[in-house]
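Chains as they are written, first to last, in this note's numbering: chain A, 1 to 342; chain B, 343 to 728; chain C, 729 to 979. Since the structure comes first, as structure tokens, the remarks are kept for the end.
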Amino acid sequence: MDAILLQILNGLDKGGAYALIALGLTIIFGTLGVVNFAHGALFMLGAFCAVSIKAVLGLQKVTLSETETTAWGTPLEITQPYVEVWFGDLGATILDYSVPVSILIAIPVMLLIGIIMERGLIRYFYKRPHAEQILVTFGLAIVLQEIIKSIFGANPIPQPAPDSMKGMIDFGVAIGFDAGNVVYPVWRLVYFLFSLFVIGLVFAFIQFTTFGMVVRAGMADRETVGLLGIDIDRRFTIVFGIAAIVAGLAGVMYTPILSPDYHMGMDFLVLSFVVVVVGGMGSLGGAVLAGFMLGILQSFASMNEVKDILPGIDQIIIYLIAVAVLLLRPRGLMGRKGVMEG
Amino acid sequence: MRFLGMNRSDWLLFIGFAVVTLAGPIIFSPIGAGYPDLLQKFAIYGIFALGFNILFGLTGYLSFGHAAFLGVGSYTAVWTFKLLTMNPIPAIIFATIVGGLFSAVIGFISLRRTGIYFSILTLAFAQMCYNLAYSVLTPITNGETGLQLTQGDPRVLDVAFGRDYGAVLPSSDLFGIDMTGYPGFYFCGVMLIICFFITLRIFRSPFGMMLRAVKSNQNRMNYTGLNTRPYALTAFIISGMFAGLAGGLLAVTDPLAGAERMQWTASGEVVLMTILGGAGTLLGPVIGAGVIKYFENIFSAFNETILMQAYSALPEGLQHFMVTLSSLFVGEGWHLTLGALFMLIVIFLPGGLMEGLRRLRNLFTKSSGGQGPGNSAETAHSATPA
Amino acid sequence: MSILTIVDLNKSFGGLRALSNVNLNIDQGSVHAIIGPNGAGKSTLLNCFVGRLEPDTGSVTFDGTSLLGIQPHEINQLGVSRVFQTPEIFGDLSLLDNVMIPGFARRDGAFKINAWNPVRRRGPIAEKAMEMLKDVGLDDKSKQIAGQLSRGDKRRLELAMCLVQDPKLLLLDEPTAGMARADTNKTIDLMKTIAGRGVTMVVIEHDMHVVFSLAEKISVLAQGTVIAEDLPEKIKGDPRVQEAYLGGAHL
Numbered sequence: 001m002d003a004i005l006l007q008i009l010n011g012l013d014k015g016g017a018y019a020l021i022a023l024g025l026t027i028i029f030g031t032l033g034v035v036n037f038a039h040g041a042l043f044m045l046g047a048f049c050a051v052s053i054k055a056v057l058g059l060q061k062v063t064l065s066e067t068e069t070t071a072w073g074t075p076l077e078i079t080q081p082y083v084e085v086w087f088g089d090l091g092a093t094i095l096d097y098s099v100p101v102s103i104l105i106a107i108p109v110m111l112l113i114g115i116i117m118e119r120g121l122i123r124y125f126y127k128r129p130h131a132e133q134i135l136v137t138f139g140l141a142i143v144l145q146e147i148i149k150s151i152f153g154a155n156p157i158p159q160p161a162p163d164s165m166k167g168m169i170d171f172g173v174a175i176g177f178d179a180g181n182v183v184y185p186v187w188r189l190v191y192f193l194f195s196l197f198v199i200g201l202v203f204a205f206i207q208f209t210t211f212g213m214v215v216r217a218g219m220a221d222r223e224t225v226g227l228l229g230i231d232i233d234r235r236f237t238i239v240f241g242i243a244a245i246v247a248g249l250a251g252v253m254y255t256p257i258l259s260p261d262y263h264m265g266m267d268f269l270v271l272s273f274v275v276v277v278v279g280g281m282g283s284l285g286g287a288v289l290a291g292f293m294l295g296i297l298q299s300f301a302s303m304n305e306v307k308d309i310l311p312g313i314d315q316i317i318i319y320l321i322a323v324a325v326l327l328l329r330p331r332g333l334m335g336r337k338g339v340m341e342g
Numbered sequence: 343m344r345f346l347g348m349n350r351s352d353w354l355l356f357i358g359f360a361v362v363t364l365a366g367p368i369i370f371s372p373i374g375a376g377y378p379d380l381l382q383k384f385a386i387y388g389i390f391a392l393g394f395n396i397l398f399g400l401t402g403y404l405s406f407g408h409a410a411f412l413g414v415g416s417y418t419a420v421w422t423f424k425l426l427t428m429n430p431i432p433a434i435i436f437a438t439i440v441g442g443l444f445s446a447v448i449g450f451i452s453l454r455r456t457g458i459y460f461s462i463l464t465l466a467f468a469q470m471c472y473n474l475a476y477s478v479l480t481p482i483t484n485g486e487t488g489l490q491l492t493q494g495d496p497r498v499l500d501v502a503f504g505r506d507y508g509a510v511l512p513s514s515d516l517f518g519i520d521m522t523g524y525p526g527f528y529f530c531g532v533m534l535i536i537c538f539f540i541t542l543r544i545f546r547s548p549f550g551m552m553l554r555a556v557k558s559n560q561n562r563m564n565y566t567g568l569n570t571r572p573y574a575l576t577a578f579i580i581s582g583m584f585a586g587l588a589g590g591l592l593a594v595t596d597p598l599a600g601a602e603r604m605q606w607t608a609s610g611e612v613v614l615m616t617i618l619g620g621a622g623t624l625l626g627p628v629i630g631a632g633v634i635k636y637f638e639n640i641f642s643a644f645n646e647t648i649l650m651q652a653y654s655a656l657p658e659g660l661q662h663f664m665v666t667l668s669s670l671f672v673g674e675g676w677h678l679t680l681g682a683l684f685m686l687i688v689i690f691l692p693g694g695l696m697e698g699l700r701r702l703r704n705l706f707t708k709s710s711g712g713q714g715p716g717n718s719a720e721t722a723h724s725a726t727p728a
Numbered sequence: 729m730s731i732l733t734i735v736d737l738n739k740s741f742g743g744l745r746a747l748s749n750v751n752l753n754i755d756q757g758s759v760h761a762i763i764g765p766n767g768a769g770k771s772t773l774l775n776c777f778v779g780r781l782e783p784d785t786g787s788v789t790f791d792g793t794s795l796l797g798i799q800p801h802e803i804n805q806l807g808v809s810r811v812f813q814t815p816e817i818f819g820d821l822s823l824l825d826n827v828m829i830p831g832f833a834r835r836d837g838a839f840k841i842n843a844w845n846p847v848r849r850r851g852p853i854a855e856k857a858m859e860m861l862k863d864v865g866l867d868d869k870s871k872q873i874a875g876q877l878s879r880g881d882k883r884r885l886e887l888a889m890c891l892v893q894d895p896k897l898l899l900l901d902e903p904t905a906g907m908a909r910a911d912t913n914k915t916i917d918l919m920k921t922i923a924g925r926g927v928t929m930v931v932i933e934h935d936m937h938v939v940f941s942l943a944e945k946i947s948v949l950a951q952g953t954v955i956a957e958d959l960p961e962k963i964k965g966d967p968r969v970q971e972a973y974l975g976g977a978h979l
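The following block contains the structure:
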């Protein structure tokens, strides 16, 4: 029982990341009609926002000590991050919380990246065949990840969670299990709650604002909305920007769980596409549901008990499910019929 | 004039292709590509792209999983070397067959869907193969190290025929001709010529016409009494066999097979080769494969010293700037060039290089003579520009 | 003798009854028109003939074979060809190729790997295709790409694609919709020629001019049922038909 609970918990953070990326993918597909293979790259760019902000915050001021000397008799170099020099303890806290702090900066940065992408490239592909959309965004994804590689190198760059969120929490005790059975890293719990929060924001935005109404109408019937005399172009740009922010934030917050490297986007892209397909193309609820479902299933499949019976299942479970869903229920769990068939 | 059913211009095309392939070492030496290691890459990836084009170019089904068949071909070939013989012929025969079997299974399932769903199904299958090759199937694939030959391999046929390679690791040889260097290239080159001939026949045949019809209008095909799925599946299997053969040849020239050959970015590369040259054209994919492998070779070889020399005529500040800028795109940064090329081609020239050539030719014929519409109708009729 | 027999056909979409107890007999060699106001179920009925829709109950028998539960391509191989309301052609291929493909389908069946020998531009299939293009007046455009044709030409091409198969039964869904009067008359003449060769035709049509110049027998469909079936001159004076066409409308 507690083992099952642990696996569900283990799947939540990954599921949250899948859900956030898939949400953006499906919004873009639903409203703009574009299959965006560069969406994983946005996730990766978000993660590298966190990396760069940490690097900037961590810039060291070097002073020479007046009293202490090194073994060679030269004055000892004392390094201290500028933020600490300027803001004292507050600075130290900011540095410690660099990952959450990055969110504030990642939002405008990702919005800008999203707008540039949409205005500069995506909008020319609204009317082109899906195959060409896939190919051009695939090319863009390669370009983005190679640029990141040339700046940050090929190796993963670990990002620590804030000290207060580094530990483990004994989740089981809270609900009556023996201590030590359901121990869960705090940050993963934070990530799960964060993803729920962002998903909630997106849904609220789409459900309760007039802008969101247009988005919903667009997902239901794109052609008609275009005829209503609404300035659809500007809205498309904003929709893309929002999707970019969501993917970027998913990336920022994921850095303490998975040290970012340049190809993390591609890895997550393929899985998120599978998530979208399983949930149903163009269905927001489906994307979220399928995201968490597949995250949890993947975590179950990596239990040793399961692997003993079906070796390798943890490696392929998501793809197997995608194949099954596509064959048995092509519209996905919650998709409408006929979307992108043919 | 017909011979074996093929008309004169097709024979000329075929003979021209064969001559250029066989004379490759001479023809490509002025551009620094006249050595066997690179030439055999041209040939192998040319075969891969030719096969992919039969599926994507003719039927329009965009597969994102063809690298899996390439990888499977390589593993099969290396296992044939290990178990049977170092002779390349059984290796490539088995590689082709196993590539075909894999593609039959994957194609049968994937072709139940069309459009982007098909692409994602093929992608899912290829990722499964890739992940399994790295994990559970390690006894077969040797995981991250890659499958290699060892001295202790049984090689039963070689032993039966009294072939002893002594205490060194053998390399593949065709009845005593070592498959490295020029013989290796010629072996691949002949395979490329055979594959090109097969492709040419398919392109000109009623079967090829049916595959184009699959791309054009499946609904009409059904109401014309044609069953579309077996046509698409046959195209898928043929392309899988070509990919298996290409994977086998990779193992012949270098008896090592690794799972990274099956990664989906590798599938993306063959898509790029095909559209760069021109999907649906005969020569395009081979040219696309050649161009990409050529530039990969050139660009990855560049380093800062070479760049400094290249820009030596510039003032120093500018020189450093240009070197820094260019070094983004070369050496390790070759993939950046590849991605950018991918985008440029899809944005500006979706018909590929062959389309570009055709446009250029039309530009000239239009300015030189007044045969506008009649001429374009003529090219349209053949429907398969070389 | 009846070539197509429809008995008690019913089809509902959700709560909507599209066809209720439709009975129809199409005589061999005749031109049979199905008319009726918008939404009467004409297209639904046609789709039940060709395997696109599965009726809820009832039977559709063609030449002694039931057409229910079999694939569209199998129905075509039995000898039923169909012209669509919006022309379905191979837009990327030349006109000649468009007509040769159905020719191959008739000769080789639903699937044959004929990958070694090239397409002969002077073989019997090409010759027959050219002949059909000539019949519909498109022979001078045989090398053009079909997608570039005008809508009227596309319809004629589609007709040639059906005729090259020597169908036993030809289904036409509004063959003159959206055509100019001159084109309509040309099409009528063409269809008369085809009917003269003994091809059985079922025509769904709005244009009464077309219906009365072609049909030997007319069935009137209203609200999913056949309300009248008779010779054209009788249908003209039938009060039930006038009721169906005019009575339902807001006059």
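Just so you know, even glycine gets a beta-carbon here, dropped at the ideal spot from N, CA and C. From a predicted model like this one, the values you see are computed outputs, not experimental measurements.
Backbone CA spacing between residue i and residue j [nearest angstrom]
| i | j | result |
| --- | --- | --- |
| Asn-349 of chain B | Ile-396 of chain B | 21 angstroms |
| Asn-804 of chain C | Val-778 of chain C | 8 angstroms |
| Phe-601 of chain B | Ala-446 of chain B | Per the sequence presented here, residue 601 of chain B reads as Ala, with Phe not at that position. The straight-line gap from Cα to Cα measures roughly 21 angstroms. |
| Ile-946 of chain C | Asp-958 of chain C | 6 angstroms |
| Ile-318 of chain A | Gly-399 of chain B | 30 angstroms |
| Thr-63 of chain A | Ile-78 of chain A | 5 angstroms |
| Asp-791 of chain C | Leu-897 of chain C | 10 angstroms |
Residue i: contacting residues in chain A (beta-carbon distance under 8 angstroms)
| i | result |
| --- | --- |
| Trp-421 of chain B | Result: empty, since nearest Cβ-Cβ is about 19 angstroms, beyond 8 angstroms. |
Exposed unless 16 or more other CB atoms sit within 10 angstroms - verdict on residue i
| i | result |
| --- | --- |
| Tyr-254 of chain A | buried |
| Trp-187 of chain A | buried |
| Met-706 of chain B | According to the sequence provided, residue 706 of chain B is Phe. The question's Met does not apply to it. Exposed, because fewer than 16 other Cβ atoms sit within 10 Å of the Cβ of Phe-706 of chain B. |
| Ser-736 of chain B | Any answer about residue 736 of chain B is impossible in this case: the structure gives chain B only from 343 up to 728. |
| Glu-611 of chain B | buried |
| Trp-86 of chain A | exposed |
| Lys-962 of chain C | exposed |
| Phe-741 of chain C | exposed |
| Glu-66 of chain A | exposed |
| Leu-59 of chain A | exposed |
| Met-533 of chain B | buried |
| Thr-928 of chain C | buried |
| Thr-915 of chain C | buried |
Partners in chain B for residue i, counting only beta-carbon separations shorter than 9 angstroms
| i | result |
| --- | --- |
| Asn-804 of chain C | Asn-564, Tyr-565, Thr-566, Gly-567 and Leu-568 |
Beta-carbon neighbours of residue i, restricted to chain B and to distances below 8 angstroms
| i | result |
| --- | --- |
| Ile-829 of chain C | Met-551, Met-552, Ala-555, Met-563, Thr-566 and Leu-568 |
| Arg-315 of chain A | The sequence shown places Gln at residue 315 of chain A, rather than the Arg named in the question. Within chain B, the residues near Gln-315 of chain A are Met-470, Asn-473, Leu-474, Tyr-476, Ser-477 and Val-478. |
| Leu-821 of chain C | Met-551, Arg-554, Ala-555, Ser-558 and Ala-725 |
Contacts around residue i, its chain only, beta-carbon distance under 6 angstroms, and the 5 residues preceding and following it disregarded
| i | result |
| --- | --- |
| Ala-419 of chain B | Ala-433, Ala-437, Gly-590 and Ala-593 |
| Leu-140 of chain A | Ala-38 |
Per-residue contacts from residue i into chain C (C-beta, under 7 angstroms)
| i | result |
| --- | --- |
| Pro-548 of chain B | Phe-832, Asn-842 and Val-847 |
| Pro-378 of chain B | Simply none; closest approach about 32 angstroms. |
Sequence-distant residues of its chain with Cβ nearer than 8 angstroms to residue i (five each side left out)
| i | result |
| --- | --- |
| Leu-949 of chain C | Val-750, Ile-762, Ile-763, Gly-764, Ala-768, Gly-769, Lys-770, Leu-773 and Ile-955 |
| Trp-353 of chain B | Phe-345 |
Neighbourhood of residue i by C-beta, 7 angstroms cutoff - its chain only, sequence neighbours within 5 removed
| i | result |
| --- | --- |
| Met-165 of chain A | Val-186, Trp-187 and Val-190 |
| Ala-301 of chain A | Ile-313, Asp-314 and Ile-317 |
Proximal residues of chain B, C-beta to C-beta of residue i below 7 angstroms
| i | result |
| --- | --- |
| Leu-135 of chain A | Val-613, Ile-617, Phe-684 and Val-688 |
Evaluate contact between the stretch 604-618 of chain B and the stretch 431-449 of chain B, counting only Cβ atoms and requiring at least three cross-stretch pairs below 8 angstroms. no
Would you check if the stretch 805-825 of chain C and the stretch 553-568 of chain B touch, i.e. whether three or more CB-CB distances between them fall below 8 angstroms? yes
Contact between the stretch 247-263 of chain A and the stretch 104-120 of chain A: three or more CB pairs below 8 angstroms? yes
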